[in-house]
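J.:
2 protein chains.
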Amino acid sequence: MESIHGISSEQEIIIQKARKRVIEAIGKNMDLYGITQSIGHLYGLLFFQNHPMTLDKMGEAMEMSKTSMSTGVRTLVDLKMVNKVWEKGSRKDLYEVEMDWFQTFADYFSLKWRKALEINLSALRKSKNELHALCGQSQGDAALQAVLQPDLDKIDEAIRYYMWLDRLIDVFESGEIYNLVPKDAPPPGQ
Amino acid sequence: MESIHGISSEQEIIIQKARKRVIEAIGKNMDLYGITQSIGHLYGLLFFQNHPMTLDKMGEAMEMSKTSMSTGVRTLVDLKMVNKVWEKGSRKDLYEVEMDWFQTFADYFSLKWRKALEINLSALRKSKNELHALCGQSQGDAALQAVLQPDLDKIDEAIRYYMWLDRLIDVFESGEIYNLVPKDAPPPGQ
DNA sequence: CGGTATGTACAGAAAAAACTGTACAAAATG
DNA sequence: CATTTTGTACAGTTTTTTCTGTACATACCG
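As you go down the protein sequences, you meet chains A and B in turn. Take 1 as the starting number for the first sequence in my numbering and just add one per residue. Take 1001 as the starting number for the second sequence in my numbering and just add one per residue.
1) In chain order, which continuous runs of the alpha helix (DSSP H) of length 4 or greater are located wholly inside the region 78-146 of chain A?
2) B:Q1103 to A:D166, Cα distance in whole Å?
3) Using a Cβ-Cβ cut-off of 8 Å, state whether A:G136 counts as contacting chain B.
4) For A:H43 versus A:L117, is the C-beta distance shorter than 8 Å?
5) Look at the Cβ atom of A:K128, then the Cβ atom of A:L148, and state whether they are nearer than 8 Å.
6) Tell me the DSSP bridge mates of B:M1053?
7) In chain B, what lies closer than 8 Å to A:Q11 by C-beta?
8) Looking at C-alpha atoms only, which residue of B:V1082, B:E1157 and B:L1124 is the closest neighbour of B:P1052?
9) Which bits of chain A does B:Y1095 rub up against, with CB to CB less than 8 Å?
10) Could you compute how far the alpha carbon of B:G1072 sits from the alpha carbon of B:I1039?
11) Answer yes or no: does any C-beta atom of chain A fall closer than 8 Å to that of B:S1127?
12) Would you list, in chain order, the members of the region 149-167 of chain A that have their beta-carbon closer than 8 Å to a beta-carbon of chain B?
13) Below 8 Å between beta carbons: does that hold for B:A1146 and A:A25?
14) Give the secondary structure of B:E1063 by DSSP, where H, G and I count as helix, E and B as strand, and everything else as coil.
15) Against chain B, which members of the region 20-42 of chain A pass a CB distance test of less than 8 Å?
16) What residues of chain B sit near A:E130, judged by a beta carbon separation below 7 Å?
17) Any C-beta of chain B within less than 7 Å: which residues of the region 166-181 of chain A qualify?
18) Give the residues of chain B in contact with A:N83, contact being defined as C-beta atoms less than 8 Å apart.
19) Taking all protein chains shown into account, do 16 or more other C-beta atoms lie within 10 angstroms of the C-beta of A:A18, making it buried, or fewer, making it exposed?
20) Of the residues B:I1169, B:P1150, B:K1066 and B:V1022, which one's Cα is nearest the Cα of A:L121?
21) Establish whether the CB of B:K1066 and some CB of chain A are separated by less than 8 Å.
22) Taking the alpha carbon of B:K1020 as the reference point, which residue from B:E1157, B:F1048 and B:Q1037 has its own alpha carbon closest?
23) Write down the C-beta distance between A:A54 and A:D93 rounded to the nearest angstrom, noting that I regard them as a contact closer than 8 Å.
24) Using only alpha-carbon positions, find the residue among A:L79, A:A185, A:H41 and A:L134 that is nearest to B:S1008.
25) Express the C-alpha separation of A:W101 and A:G140 in angstroms, rounding to a whole number.
26) With distances taken Cα to Cα, identify the nearest neighbour of B:D1107 among B:K1080, B:P1187, B:P1188 and B:S1090.
27) With DSSP run on the structure shown, which of helix, strand or coil describes A:S68?
28) What are the start and end residues of the alpha helix (DSSP H) that includes A:Y178?
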């Protein structure tokens, strides 16, 4: 936690407590982004920092090893939740949070969803083709058809779902989502 | 894996292989839904089952203990990915997958997002109030104001984001999302 | 070039999670 | 009611993940 100068310690306590509450709430819910509570806590710490932070400072504030800070912050950078910053005169690497949470949200889920989509859609299509071929080879075999048809139906419906997910991801990635659901609520009176 | 009767073993191998590919793809990507690879695999198994399945059958097919099946299937039921089914004449509990993947997707993310939203928004508002009070008490103290203002700005922007997320969740929960992004792609020619 | 920071690879320790077998409670059967 | 079947709580084990300290590679400085 960043120590604060030039104000009374009573006031500082209030501020630190207010920050701590938010930091811990954030840390607690970061499993949504597939990251550990510690790293979520680190993210929360960086969130309230008003200057880019070094690994040493993080380790000090988190009371954890520099190694953990290094790997933790790298995870956050990979997720584009934190950016590496250069500052002349400092030999150390500096990091600060990406403050655009809309972007963070859209980036993360686009990435994750698309990865799953690609793997699953590829498997679904490959299997669909094989089953379709088998289906065509043996039009007369009723027993076989009875087995194949449910599988093909399920696969087709799954593909339909992934086609939709693909378009949804596009809407997130392109920022079109903010036209469909505006960042700021329209005024209540129509 | 369900064994299949009434067809040649050559054909059965093709079908089992096609299913297996999809099941493993699903299992691999289930971390998206915060569940373990084993449970993801279980979900994939159930996906191709044409009849509701008992815990014993699952354990047999997965080569795992019935205890694991019990806890695994409960996780899936909690996530509304699998439904418990009653069938007269059977004393055993029966389970089958929820086949509406659109619904599964919307349910899961609505649930997760809303949980995070509630916790974080509550913390943000509480801290905002405290800082705001402190801010009002000491209008003249420039050093304090200089510390408070960035925190308040960050909190306000975070709240703005969560207000948007709240509306996004509503759009998912209400099904309005399927008007904004239709389940089936509109024909290419406009 | 030597000397000094700085970040990370790696191996091992600590912690957490997944999985199993046993034991038991609850429900169904006769 | 006694008997049987079924699902799960729980404790212990195995596996996986997280975290740390040391060692080292790289970059920077004079």
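Virtual Cβ for every residue (Gly too), placed ideally from N, Cα, C. Given the structure is predicted, the values throughout are model-derived calculations rather than measurements.
T.: So, to answer that:
1) Here the runs fully enclosed are 101-137.
2) Near 16 Å, if we compare the C-alpha coordinates of A:D166 and B:Q1103.
3) No, A:G136 does not count as interfacial toward chain B.
4) Reading off the sequence, residue 43 of chain A comes out as Tyr, not His. Their beta carbons are not under 8 Å apart, which means A:Y43 does not touch A:L117 by this criterion.
5) No.
6) In the DSSP secondary-structure assignment, B:M1053 is bridged to B:Y1095.
7) Using a Cβ-Cβ cut-off of 8 Å, A:Q11 is close to L1134, S1138 and L1144 of chain B, given in chain order.
8) Closest option to B:P1052, Cα to Cα, is B:V1082.
9) Result: empty, since nearest Cβ-Cβ is about 16 Å, beyond 8 Å.
10) Roughly 6 Å separates the two Cα atoms.
11) Yes, its Cβ sits closer than 8 Å to a Cβ of chain A.
12) Shown in chain order are the members of the region 149-167 of chain A whose Cβ falls below 8 Å from a Cβ of chain B: P150, D151, K154, I155, E157, A158, R160, Y161, M163, W164, L165 and R167.
13) Result no, Cβ atoms of B:A1146 and A:A25 do not sit closer than 8 Å.
14) In this structure, B:E1063 counts as coil in the three-state DSSP scheme.
15) The region 20-42 of chain A vs chain B, Cβ under 8 Å: R21, V22, E24, A25, I26, K28, N29, D31, L32 and G34.
16) Ordered by position in chain B, the residues that pass the 7 Å Cβ test against A:E130 are I1014 and A1018.
17) Under the 7 Å Cβ criterion, the region 166-181 of chain A contributes R167, L168, V171, L180 and V181.
18) The premise fails here: A:N83 is roughly 16 Å from chain B at the closest Cβ pair, so nothing lies under 8 Å.
19) Looking at its Cβ environment, which holds 16 or more other Cβ atoms inside 10 Å, A:A18 is buried.
20) Here the closest residue by C-alpha is B:V1022.
21) No, B:K1066 lies away from the interface with chain A (no Cβ there is under 8 Å from its Cβ).
22) Considering only alpha carbons, the answer is B:F1048.
23) The sequence given here places Thr at residue 54 of chain A; Ala does not occur at that position. Confirmed, about 7 Å.
24) Closest by C-alpha distance to B:S1008, out of A:L79, A:A185, A:H41 and A:L134, is A:L134.
25) The alpha-carbon atoms of A:G140 and A:W101 are separated by roughly 58 Å.
26) In terms of Cα proximity to B:D1107, the closest of B:K1080, B:P1187, B:P1188 and B:S1090 is B:K1080.
27) Helix at A:S68.
28) Per DSSP, the unbroken alpha helix (DSSP H) holding A:Y178 starts and ends at I177 to L180.
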